[in-house]
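With the first letter of the sequence shown counted as 1, position 128 gets the number 128 in UniProt numbering; the numbers rise by one all the way through. C-beta: ideal position from N, C-alpha, C; glycine also.
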Amino acid sequence: MVLSFPAGKALVQTVDFFTPIVNDPYRFGRIAAANSLSDVYAMGGTPWSTMNIVCFPIKTMSGQVLTDILRGGKDAVEEAGAVPSGGHSVEDEELKYGLSVTGLVEPDGFASNRGVRPGDALLLTKPIGTGVLATAVKGEMPGADAMEEILFRVCGRLNRAGGDVIRELGLLGATDITGFGLGGHLIELAEASGVSIELEMNAVPLIEHALELAGMGMLPAGSICNRDYYKPKTTLTHGLDPIHFDLMFDAQTSGGLILSVPPEKLADARSMLLEAGDLAAHIGTARACGDGDTPLFIS
């Protein structure tokens with residue numbers, strides 16, 4: 001594939017792929033593609049072209065499964081306005097799929113995890129809890145089919161609106177929420193930007209059934225590792241529900257964006273997100289980091 005490069009733009013390149021979190025091949029393809037596109041959106045970029053990455057157990061799975069996965073990925077890419085341009089496949093014992101994505105940003109006008117400033121509001125664009133729901137689906141818990149529907153609705157949604165807000169309002173700080181969980185990614189933002197972040201736990205939207213499933217022990221191993229690793233970097237107020245706290249570190253797949261928004265741009269950012277059908281949950285605030293402060297405070 002040969003594409004003409006737009007003058008005055010800078011390239012963003014990213015890659016991501018993983019094993020299925022849902023049973024339906026088309027849904028898996030769409031979710032994996034949406035997840036791969038999110039890094040570009042988190043910088044305020046525009047996806048430009050993509051390439052498929054496929055690991056497929058051809059001896060044990062029907063070729064129709066792969067066809068459906070690729071169709072789901074293609075639909076997400078085309079919705080993003082990017083050009084699907086082939087890819088590469090290998091035979092593997094375990095199914096994996098994702099994309100290499102090339103995006104475009106303004107050379108001096110993109111967001112990063114270093115752009116959070118004291119006083120900024122932190123907005124979240126999707127609910128939290130995909131890790132516990134995916135564990136329940138894999139474990140074929142009662143109601144697993146309905147949970148897969150919920151996962152597809154949340155994880156299959158592009159973070160396009162958040163990327164538009166970053167670009168149009170000139171936001172400097174943002175990230176997408178994936179494997180480190182919400183708390184982990186907030187800590188990464190805080191450390192990179194030299195601030196502390198105050199998170200109001202009850203303001204964080206949760207996916208249906210997430211709290212119940214976490215209480216039943218459905219927290220995946222990666223989420224437990226997140227919690228244990230990041231807890232020393234977190235200050236907690238007394239009386240927090242430990243199950244609810246665990247969900248703050250639930251490893252996400254195709255999670256939402258965290259946008260760091262100056263107060264004077266907050267109303268516009270929330271209005272734009274809500275008009276596009278995204279969440280615009282004001283979950284916390286950045287403040288100056290004092291001596292001995294942890295990167296994250298949860299109340």
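{"query": "Local conformation of Lys59 per DSSP, three classes", "result": "coil"}
{"query": "Given 8 Å, three or more beta-carbon pairs between the stretch 117-128 and the stretch 276-283", "result": "yes"}
{"query": "Own chain partners of Leu266 with C-beta closer than 7 Å, once the 5 adjacent residues on each side are dropped", "result": "Ala121"}
{"query": "Between the CA atoms of Asp228 and Val15 - distance to the nearest angstrom", "result": "27 Å"}
{"query": "Any 3 or more C-beta pairs closer than 8 Å across the stretch 90-99 and the stretch 171-179", "result": "no"}
{"query": "Element boundaries [alpha helix (DSSP H), containing Leu211]", "result": "210-215"}
{"query": "Within 8 Å, strictly: CB atoms of Ile58 and Glu91", "result": "yes"}
{"query": "Three-state class that DSSP yields for Asp278 in the structure shown", "result": "coil"}
{"query": "Residue from Ile31, Ser4, Val116 with nearest C-alpha to Arg71", "result": "Ile31"}
{"query": "The stretch 7-25 in contact with the stretch 232-250 per 3-pair CB rule at 8 Å", "result": "no"}
{"query": "Reference Lys9; option with closest CA among Pro107, Thr67, Ile166, Glu149", "result": "Pro107"}
{"query": "Endpoints, alpha helix (DSSP H) assigned at Pro242", "result": "242-247"}
{"query": "First through last residue of the beta strand (DSSP E) which encompasses Ile298", "result": "296-298"}
{"query": "Classification of Asn226 by the beta-carbon crowding that lies within 10 angstroms, buried from 16 upward", "result": "buried"}
{"query": "Proximity below 8 Å, CB of Leu171 to CB of Leu296", "result": "no"}
{"query": "Cα-Cα separation, Pro242 to Gly217", "result": "12 Å"}
{"query": "For Lys233, the three-state DSSP class (helix, strand or coil)", "result": "helix"}
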